[in-house]
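Asker: Quick one: structure below, then a few questions.
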Amino acid sequence: MRTQVGIVGAGPAGLLLSHLLALRGVESVVVETRSREYCEARQRAGVLESGSVQVLREAGLAERLDRQGLEHGGIYLQFAGERRHIDFRELTGRTVTVYAQTEVVKDLIAARVAAGAAIEFGISDTEVDAVTSDQPVLRYTGADGVRRAVTCDAIAGCDGFHGICRDAIPVGLRTVWETGYPYAWLGILADVPPSTDELIYAHHPAGFALHSLRSPQLSRLYLQVPPEEDIAAWPDDRIWAELQRRFALPGWQLTEGPVLEKGITPMRSFVSSPMRHGRLFLAGDAAHIVPPTGAKGLNLALADVTVLAAALTSLVRDGRGELADAYSDACLHRVWRATHFSWWMTTMLHATPGAGSMEAQLQLSQLRYVTSSPAAATSLAENYVGYRPAAPSG
Ligand code: FAD
Ligand code: DHB
């Protein structure tokens with residue numbers, strides 16, 4: 010088998026890349042270990058930057074997003090018994106859109122399938138080979154048990170943090186930066202209308218809480234929990250009691266409802282550089298992970314492949330390597346900005362177990378500052394809606 014671009018992983022990065030390449034007349038094959046149903050059901054991100062919405066719109070993928078996405082002009086920060094609004098529209102002229110990653114993935118799969126694209130779900134034993142040659146090879150075992158080899162002009166590793174593509178870059182040729190956090194998020198999807206018009210990020214001595222949403226009928230809520238927490242220790246009534254405690258505000262009510270789904274997500278910051286080795290290009294979580302506070306992961310994945318689609322088109326269709334050479338640096342500038350922002354939001358809002366009272370005072374001071382100084386509020390707002398550094402010169 011032969012294709013122009015072999016794509017490993019049918020998450021948002023791999024699927025959007027395949028679509029953007031097709032729009033430019035470049036053929037690709039996408040291989041994915043999970044089933045289509047699993048990919049479409051996995052609960053993850055919920056917030057799209059305005060730049061991500063624009064990319065999806067320009068690619069003809071926003072018909073449902075434009076009907077069902079909820080445009081938000083700001084967020085609330087809650088601390089010390091107060092809830093303060095950060096007004097993105099006023100501070101940046103931009104907004105974000107609440108539209109679940111699961112819906113983005115469903116829209117992308119539907120568009121690829123309608124176009125007759127090659128996507129294989131349920132594959133196993135993925136291997137990438139000869140990535141420093143002009144003809145890298147993608148090998149896998151199809152759902153039918155038959156081993157296949159696809160000769161490509163380039164391979165895109167869009168296989169997430171636990172994928173295999175990053176390891177195809179020799180250890181001596183890459184630098185990894187990584188830090189963990191002494192907490193995790195317990196997330197629930199609840200069958201109840203949101204109790205808020207915009208997201209609430211709450212600082213509380215007992216730990217962080219986030220009230221997000223999925224639709225006018227569905228709420229998504231998160232609680233800071235210890236990193237090794239067992240979900241069995243959190244029956245629904247304990248989750249609601251803890252959410253009530255951390256969001257409590259006189260005159261405001263958190264409405265409870267049936268919990269449809271719950272899970273615990275560990276948190277880390279991770280960057281692997283460079284994002285390219287020969288004709289292997291990494292994109293999205295395969296190259297970098299941010300803690301979820303600030304909603305950057307999905308947006309970074311979409312931004313990477315927007316740059317990569319242009320670079321690969323130039324490389325495999327036009328035989329020009331300049332954009333491919335610039336790919337890694339162009340992405341890493343934005344990745345590091347988002348990595349800093351996510352770390353900053355995370356450490357401002359979470360209670361570190363065992364930390365003295367000094368930490369809480371510093372966090373409260375910072376929260377008062379970002380909600381009262383227009384300069385500080387604008388800095389938070391422009392990072393949240395999506396800061397796009399200019400491409401490096403030279
Ligand atoms: P993934 O979505 O991980 O996709 C990779 C795909 O590759 C998967 O389908 C996987 O099955 C497949 N794969 C893995 N290994 C192989 C292999 N060997 N062969 C073939 N296929 C393989 N981000 C935001 O922007 N906003 C948010 O609000 C937000 N909230 C989040 C909340 C939670 C609870 C979590 C867990 C994440 C959140 N994120 C958020 C992060 C966001 O979900 C990820 O950054 C995003 O999924 C990255 O997309 P991706 O395509 O790079 O990787
Ligand atoms: C959601 C997740 C986030 O990490 C965040 O900062 C905001 C919203 C969500 O899943 O809705």
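10 is the number of the first residue of the sequence shown in the numbering used here; add one for each residue after it.
Quick reminder that beta carbons are idealized off the backbone N, C-alpha and C, glycines included.
Would VAL273 pass as a contact of GLU251 if the rule is Cβ separation under 7 Å?
Answerer: Counting from one through the sequence shown, the residue named residue 273 turns up at place 264. Counting from one through the sequence shown, the residue named residue 251 turns up at place 242. Note on identity: in this sequence residue 273 is Ile, with Val being the wrong assignment. Their beta carbons are not under 7 Å apart, which means ILE273 does not touch GLU251 by this criterion.
Asker: Would you tell me roughly how many angstroms separate the C-alpha atoms of ARG53 and ILE128, rounded to the nearest one?
Answerer: Taking the first residue of the sequence shown as position 1, residue 53 is located at position 44. Taking the first residue of the sequence shown as position 1, residue 128 is located at position 119. Each residue's Cα considered, the two are about 22 Å apart.
Asker: Here's a check: name, in chain order, each residue in its chain whose Cβ is nearer than 8 Å to the Cβ of PHE97, leaving out the five neighbours to either side.
Answerer: Counted from its first residue, the sequence shown places residue 97 at position 88. Counting only Cβ-Cβ distances below 8 Å, and skipping sequence neighbours, we find HIS81, GLY82, GLY83, ILE84, ARG103, THR104, VAL105, ALA390, TYR393, VAL394.
Asker: Measuring only from the beta carbon, is ARG329 closer than 6 Å to any heavy atom that is part of the ligand DHB?
Answerer: Numbered from its first residue, the sequence shown carries residue 329 at position 320. No, since every heavy atom of the ligand DHB falls outside the 6 Å radius drawn around the Cβ of ARG329.
Asker: Using the three-state DSSP reduction, which class does LEU252 fall into: helix, strand or coil?
Answerer: Here residue 252 refers to the residue found at position 243 when the sequence shown is read from its first residue. In this structure, LEU252 counts as helix in the three-state DSSP scheme.
Asker: Quick one: what's got a C-beta closer than 8 Å to ILE164's C-beta in the same chain, skipping five residues either side?
Answerer: What you label residue 164 is simply residue 155 of the sequence shown in a count that begins at 1. Result list for ILE164: VAL14, GLY15, ILE16, VAL17, VAL137, VAL140, PRO145, LEU147, CYS174, ARG288, LEU289, PHE290, in chain order.
Asker: Quick one, are the C-beta atoms of THR135 and TYR149 less than 7 Å apart?
Answerer: Stepping through the sequence shown from its first residue, residue 135 is reached at position 126. Stepping through the sequence shown from its first residue, residue 149 is reached at position 140. Yes.
Asker: Is the beta carbon of ALA120 less than 7 Å from the beta carbon of GLY293?
Answerer: Within the sequence shown, residue 120 is the residue found at index 111, counting from 1. Within the sequence shown, residue 293 is the residue found at index 284, counting from 1. Against a cut-off of 7 Å, the Cβ pair of GLY293 and ALA120 comes out as no contact.
Asker: What are the boundary residues of the alpha helix (DSSP H) that ILE164 is part of?
Answerer: On the sequence shown, residue 164 is found 155 positions in, with the first residue counted as 1. Counting along the chain, ILE164 falls outside any alpha helix (DSSP H), though it belongs to the beta strand (DSSP E) covering 163-166.
Asker: Let's test the definition: count the other Cβ atoms within 10 Å of the Cβ of ARG229 and tell me whether it reaches 16, buried, or not, exposed.
Answerer: Translated into the one-based positions of the sequence shown, residue 229 becomes position 220. By the 10 Å Cβ count, ARG229 comes out buried.
Asker: Taking 6 Å as the line, does the beta carbon of THR106 fall inside it for any heavy atom of the ligand FAD?
Answerer: Residue numbering aside, residue 106 sits at position 97 when the sequence shown is read from its first letter. False, no ligand heavy atom lies under 6 Å from that Cβ.
Asker: Between which two residues does the beta strand (DSSP E) containing GLN375 stretch?
Answerer: For the purposes of this step, residue 375 is taken as residue 366 along the sequence shown, with counting starting at 1. Where GLN375 is concerned, there is no enclosing beta strand (DSSP E), although the alpha helix (DSSP H) it sits in stretches over 366-379.
Asker: Which residues in the same chain as GLY403 place their Cβ atom closer than 8 Å to its Cβ, once the five residues preceding and following it in sequence are excluded?
Answerer: Within the sequence shown, residue 403 is the residue found at index 394, counting from 1. Its pLDDT being 43, under 50, GLY403 is placed unreliably by the model, and the measurement read from it follows with that caveat. There are no such residues.
Asker: Identify, in the order they occur along the chain, each residue of the same chain with its Cβ nearer than 7 Å to the Cβ of ARG51, setting aside the five sequence neighbours on each side.
Answerer: Translated into the one-based positions of the sequence shown, residue 51 becomes position 42. Taking C-beta separations shorter than 7 Å and ignoring five residues to either side along the sequence, the partners of ARG51 in its chain run THR111, following chain order.
Asker: Report, in whole angstroms, the separation of the C-beta atoms of ALA360 and PRO244, which I expect to be a contact under 8 Å.
Answerer: Here residue 360 refers to the residue found at position 351 when the sequence shown is read from its first residue. Here residue 244 refers to the residue found at position 235 when the sequence shown is read from its first residue. About 23 Å; that fails the 8 Å criterion.
Asker: Kindly indicate which residue of HIS212, ARG277, LYS271, PRO202 has the alpha-carbon position closest to the one of LEU258.
Answerer: If you number the sequence shown from 1, residue 258 lands on position 249. Measuring from the Cα of LEU258, the nearest candidate turns out to be HIS212.
Asker: Return the CA-CA distance between GLN233 and PHE88, expressed in angstroms with no decimal places.
Answerer: Along the sequence shown, read from residue 1 onward, the residue named residue 233 stands at position 224. Along the sequence shown, read from residue 1 onward, the residue named residue 88 stands at position 79. Straight across, the Cα-Cα distance linking GLN233 with PHE88 is about 15 Å.
Asker: Could you tell me the alpha carbon to alpha carbon distance between PHE130 and ARG43, rounded to whole angstroms?
Answerer: The residue given as residue 130 occupies position 121 in the sequence shown. The residue given as residue 43 occupies position 34 in the sequence shown. Approximately 6 Å between the Cα atoms of the pair.
Asker: Should the stretch 18-38 be regarded as contacting the stretch 310-323, the criterion being three or more beta carbon pairs within less than 8 Å?
Answerer: Yes: the two stretches touch, three or more of their Cβ pairs being nearer than 8 Å.
Asker: Distance check for LEU208 and ILE95, CA to CA, integer angstroms please.
Answerer: Position 86 of the sequence shown holds residue 95. Position 199 of the sequence shown holds residue 208. One alpha carbon belongs to ILE95, the other to LEU208, and they sit about 11 Å apart.
Asker: Which residues in the same chain have their Cβ closer than 7 Å to the Cβ of PHE254, if we skip the five residues on either side of it in sequence?
Answerer: Residue numbering aside, residue 254 sits at position 245 when the sequence shown is read from its first letter. The displayed chain sequence assigns Arg, not Phe, to residue 254. Answer for ARG254: ALA215, listed in chain order.
Asker: Please determine, among ALA369, LEU219, GLY181, the residue with the shortest C-alpha to C-alpha distance to LEU406.
Answerer: Residue 406 lies beyond the residue range present for the chain, which begins at 10 and ends at 403; the question has no answer from this structure.
Asker: Would DSSP call SER61 helix, strand or coil?
Answerer: Here residue 61 corresponds to residue number 52 of the sequence shown, with the count starting at 1. Judged by DSSP in its simplified three-state form, SER61 adopts helix.
Asker: With which residues is LYS115 paired in a DSSP beta bridge?
Answerer: As a position in the sequence shown, residue 115 is number 106, starting the count at 1. According to DSSP, LYS115 bridges with nothing at all.
Asker: Give me the residue from ALA318, ARG346, MET284 with the minimum Cα distance to VAL299.
Answerer: As a working mapping, residue 299 is identified with position 290 in the sequence shown. Answer by Cα proximity: ARG346.
Asker: Name the DSSP beta bridge partners of GLU129, please?
Answerer: In the sequence shown, residue 129 corresponds to position 120, counting from 1. Answer is VAL40.
Asker: Does LEU311 have its Cβ less than 7 Å from a Cβ in chain C?
Answerer: The chain inventory of the structure shown lacks chain C, comprising one protein chain alone.
Asker: Should ARG255 be counted as a contact of the ligand DHB given a C-beta to heavy atom distance under 6 Å?
Answerer: If you number the sequence shown from 1, residue 255 lands on position 246. In terms of side-chain proximity, the C-beta atom of ARG255 is found no nearer than 6 Å to any non-hydrogen atom of the ligand DHB.
Asker: Terminal residues of the continuous alpha helix (DSSP H) containing GLY23?
Answerer: Residue 23 sits at position 14 when you count from the first residue of the sequence shown. Run containing GLY23: 21-32, per the alpha helix (DSSP H) assignment.
Asker: Going by DSSP in three states, ILE95 sits in which element: helix, strand or coil?
Answerer: Start at 1 with the first residue of the sequence shown, and residue 95 comes out as number 86. Strand.
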